[in-house]
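Novice:
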Amino acid sequence: MEFSGKTKVYDLVEKYPFIIDYLIKQSSHFERLKNPMLRKTLGKVADLNKAAGIAGLPVEELLAGIAAEIKAQTGEEPAMAGAAPAAALVSDPAARQEALKAIIRDLHAGGDMNQLKERFRAVIRDVNAPEIAAMEQQLINEGMPAEEVKRLCDVHVEIFKEALEERDLPRPPAGHPVHTFMKENRASEKIMSQAALLIGKLGHPPTAAALAAHKPELERILAELSQVDIHYARKENQLFPLLEAHHFSGPSQVMWSFHDDIRGNLKAARQALAQGEPVSLADNLHQATNAMRDMIYKEEHILYPTSLDMLSEAEWRKVKEGEADIGYAWVQPDPGWPAKAAAPAAAAEPAPAALPRIEGALELSTGRLTAEQVNLLLTHLPLDVTFVDQNDRVAYYSEGPERIFPRSPAVIGREVRNCHPPKSVHVVNKILDAFKSGYKDSAEFWIQMGPRFIHIRYFAVRDKQGQYQGVLEVSQDVTGIKKLEGNQRLLDWE
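Number 52 in my numbering belongs to position 51 of the sequence shown; there are no gaps in the numbering.
(1) Measuring CA to CA, which of V386, A134, Q138 is closest to L309?
(2) May I ask you to report which of helix, strand or coil DSSP gives Q449?
(3) What beta strand (DSSP E) runs, 3 residues minimum, are completely inside the region 448 to 482?
(4) Roughly how many angstroms lie between the CA atoms of G361 and A325, to the nearest whole one?
(5) Excluding the 5 residues preceding and the 5 following M311 in the sequence, name in chain order all residues of the same chain whose CB lies nearer than 8 Å to its CB.
(6) Is the beta carbon of E15 sitting closer than 7 Å to the one on A69?
(7) Going by C-alpha distance, which of A209, L240, I231, I192 is nearest I222?
(8) Could you compute how far the alpha carbon of L286 sits from the alpha carbon of L304?
(9) So for M268, helix, strand or coil by DSSP?
(10) If you reduce the DSSP assignment to three classes, tell me which class T387 lands in.
(11) Counting only the same chain and skipping the five closest in sequence on each side, list residues whose C-beta sits under 6 Å from that of A175.
(12) Comparing alpha-carbon positions, which option in A269, V10, I297 lies nearest D284?
(13) Would you kindly report the start and end of the unbroken beta strand (DSSP E) that includes R318?
(14) Just mark A346 as buried or exposed, buried being the case when its beta carbon has 16 or more other beta carbons within 10 Å.
(15) Restricting to Cα atoms, I'd like to know which of S28, P407, D113, A213 is closest to K1.
(16) State the DSSP-derived secondary structure class of K484, mapped to helix, strand or coil.
(17) According to DSSP, which residues form a beta bridge with A499?
(18) Apart from the five residues on each side of it in sequence, which residues of its chain come closer than 6 Å, Cβ to Cβ, to Q173?
(19) Using DSSP's beta-bridge definition, name the partner residues of V395.
(20) Within the same chain, show all residues whose beta-carbon is closer than 6 Å to that of K184, passing over the 5 residues directly before and after it, in chain order.
(21) Apply the 10 Å Cβ neighbour rule to F446 and answer buried if 16 or more other Cβ atoms are within range, or exposed otherwise.
(22) Count the other C-beta atoms from every protein chain shown that fall within 10 angstroms of the C-beta of G471, then say buried if there are 16 or more, exposed otherwise.
(23) Quick check: the Cα distance between I105 and F31, rounded to an integer number of angstroms?
(24) Name the one or two DSSP bridge partners that D48 has.
(25) Just curious, the beta strand (DSSP E) that G368 is in, first and last residue?
(26) In angstroms with no decimal places, state the Cα-to-Cα distance between D393 and T371.
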């Protein structure tokens with residue numbers, strides 16, 4: 002059957018009754034086609050041009066979707082009168098996004114994978130990483146729970162896999178954060194191959210004897226695999242915040258959840274090894290390595306291409322600057338990027354500010370706070386803080402609602418030795434001398450005060466050059482903390 006925008010809906014559904022269900026998925030307005038009487042009346046009047054208008058779709062997109070559905074259901078290659086080449090069916094970016102979202106919504110509603118693949122090939126055929134990332138982000142923005150996006154994320158990738166694999170992987174310069182991420186991926190693949198061999202050696206089903214025989218190797222492999230936590234931590238703390246500044250929160254909400262699943266599998270595998278449980282060990286190790294391989298695919302075919310497209314050079318420099326604080330998994334970054342001759346980051350395009358600049362804010366080493374925010378932060382800490390400067394004078398104390406040791410503003414500027422009873426001065430002097438000489442960096446005491454158990458700690462404060470700048474005293478009522486047992490992983494306000 003040849004059809005076009007002028008084909009009557011009645012003629013089409015008479016030939017292919019399953020098209021009724023397809024049209025209903027596009028718009029609830031087509032529910033009326035289930036009524037035989039309305040189908041014979043309205044269906045003989047309305048053509049597919051009108052149907053496309055009802056569904057809010059470009060007619061070319063609706064025709065292509067119908068053609069794909071017919072092919073998927075019957076194997077036929079339906080002819081579309083005056084049809085454009087498939088690659089040109091949907092070229093408008095907004096229309097492509099809507100077509101992608103429609104396919105994924107149908108998938109989430111339980112649509113057949115093969116039929117949806119055919120529909121994708123007919124409607125769009127090619128797709129790039131930023132389009133898929135933007136599609137998932139829009140679904141989240143429109144109310145689809147991130148957990149639901151996560152649940153079928155692997156299936157999304159499966160539908161678009163052919164198109165993604167036609168595109169080259171990113172090739173960032175050596176030393177670039179993405180280059181380092183990918184270098185870590187290659188290292189992890191080698192370790193996962195070793196893990197697969199070890200799982201095989203445990204037997205089918207795995208036995209306690211095989212576990213005992215290979216325990217040292219398993220301990221080594223699990224320790225090496227667990228370094229993936231560093232790889233994920235760099236993504237979570239260095240890359241994701243900059244993507245969020247571009248209103249692209251999908252990776253934070255979906256990928257991070259996958260990271261935690263992998264961490265959980267590796268932890269369970271370590272526990273199973275320690276407890277001599279071969280079946281649990283093999284299952285969790287297998288799940289972890291499979292999920293890690295899937296994550297590598299998502300990173301290199303979707304996350305990294307999208308990030309390279311979205312972030313400026315200045316933002317990538319910001320990612321690079323904080324990498325070493327978190328560390329690297331299995332490898333070290335190659336030298337090369339950024340080139341020494343490159344312009345400083347300050348001269349590059351500014352990154353979008355995740356935090357608006359406030360007049361008079363204090364520029365701290367890891368953020369900005371106003372004086373009021375600093376004061377609120379310190380007074381809300383569940384402990385008492387006192388700072389004594391390098392001249393042994395009290396410079397600050399926190400004024401919380403329940404101080405352990407009484408303080409008043411009169412203490413500010415007072416020599417710290419005068420703040421303690423005479424019998425304790427020799428201890429104060431000993432701590433100060435040890436801190437100033439560099440002999441010690443901390444001291445601690447704990448005392449019972451009636452029903453309360455108090456923990457008191459002193460820390461030497463030094464600048465980046467190691468020069469002594471004062472003493473930080475931290476006092477905390479740990480009575481309740483001492484009573485804690487077991488785990489509490491869920492919120493419980495009762």
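Glycine included, each C-beta is placed from N, C-alpha and C at the ideal position.
Specialist: With the structure as the only source:
(1) A134
(2) strand
(3) 453 to 463, 469 to 478
(4) 30 Å
(5) P131, L244, H247, F249
(6) no
(7) I192
(8) 25 Å
(9) The sequence given here places Lys at residue 268; Met does not occur at that position. If DSSP states are grouped into helix, strand and coil, K268 belongs with the helices.
(10) strand
(11) D335, G337
(12) A269
(13) Here R318 belongs to no beta strand (DSSP E); instead the alpha helix (DSSP H) covers 314 to 327.
(14) Residue placement at A346 cannot be trusted, given a pLDDT of 46 that sits under 50; what the coordinates show is reported in the next sentence. Looking at its Cβ environment, which holds 16 or more other Cβ atoms inside 10 Å, A346 is buried.
(15) Residue 1 lies beyond the range of the chain shown here (2 to 495); nothing can be said about it.
(16) coil
(17) Any property of residue 499 remains undetermined from this structure, which presents the chain solely from 2 to 495.
(18) Correcting the residue type first, residue 173 is Pro in the shown sequence and not Gln. Here the set comprises V179, H180.
(19) V389
(20) V332
(21) exposed
(22) buried
(23) 20 Å
(24) K9
(25) 368 to 370
(26) 27 Å
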